[in-house]
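Residue numbers (the UniProt record's numbering): 1 to 111. Think of the CB as a built atom: it goes at the ideal place given N, C-alpha and C, for glycine as much as any other residue.
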Amino acid sequence: MTFVTRLTLQSGDRAALDAIVDDIKSTAERKGAALKGPHSHPPEKLSVPQHARLHGDDDRRFSSWDYTVFTRELEIHGHDNLARNVAEQNFPDSVHIEAEVEQIHGVGRGN
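What follows is the structure in structure tokens.
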């Protein structure tokens with residue numbers, strides 16, 4: 001039975017995101033783990049309207065807050081301890097990480 005850990009990392013700070021991804025890659029290479037990725041998604045440009053007042057009957061607004069979110073995905077095959085250690089790291093507040101674990105059954109095994 002093998003586990004595949006999919007990591008999705010997102011940040012508005014591209015340099016911080018790439019530094020963390022490079023660190024994960026080098027750690028996986030050092031440990032001999034099978035790593036797929038990083039897969040880059042196109043940057044997502046977002047815009048958030050900003051109201052000048054808190055009450056709803058006032059239509060005055062500031063200019064919108066525009067920002068870009070960068071996303072990288074990695075897969076760690078096997079090496080459960082490495083995947084756990086990566087997912088439990090303390091990342092900067094500017095980087096969001098999600099971990100999804102999938103159990104893969106070998107060929108010919110029922111379930």
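Taking all protein chains shown into account, do 16 or more other C-beta atoms lie within 10 angstroms of the C-beta of residue i, making it buried, or fewer, making it exposed?
{"i": "L54", "result": "exposed"}
{"i": "R61", "result": "exposed"}
{"i": "V48", "result": "exposed"}
{"i": "V101", "result": "exposed"}
So, using beta-carbon positions, are residue i and residue j closer together than 8 Å?
{"i": "F30", "j": "E75", "result": "The sequence given here places Arg at residue 30; Phe does not occur at that position. Not a contact, by the Cβ cut-off of 8 Å."}
{"i": "T68", "j": "T8", "result": "no"}
{"i": "G12", "j": "S94", "result": "yes"}
{"i": "Q103", "j": "F3", "result": "yes"}
{"i": "F91", "j": "I24", "result": "no"}
{"i": "D66", "j": "K45", "result": "yes"}
Whole-angstrom Cβ separation of residue i and residue j, contact assumed at under 8 Å?
{"i": "residue 167", "j": "H39", "result": "This structure cannot speak to residue 167, because the chain is shown only from 1 to 111."}
{"i": "A34", "j": "H96", "result": "25 Å between Cβ atoms; not a contact."}
Between the alpha carbons of residue i and residue j, how many angstroms are there, rounded?
{"i": "R14", "j": "T27", "result": "20 Å"}
{"i": "L82", "j": "Q10", "result": "20 Å"}
{"i": "D59", "j": "G37", "result": "46 Å"}
{"i": "residue 117", "j": "D22", "result": "Past the boundaries of the shown model lies residue 117; the chain is included only from 1 to 111, so the question cannot be answered."}
{"i": "A16", "j": "P43", "result": "15 Å"}
{"i": "D57", "j": "R84", "result": "49 Å"}
{"i": "V86", "j": "E98", "result": "11 Å"}
- Task: Kindly provide the ranges of any beta strand (DSSP E) runs that are 3 or more residues long and lie completely inside the region 29 to 82, ordered along the chain.
- Result: 34 to 40, 44 to 51, 61 to 77
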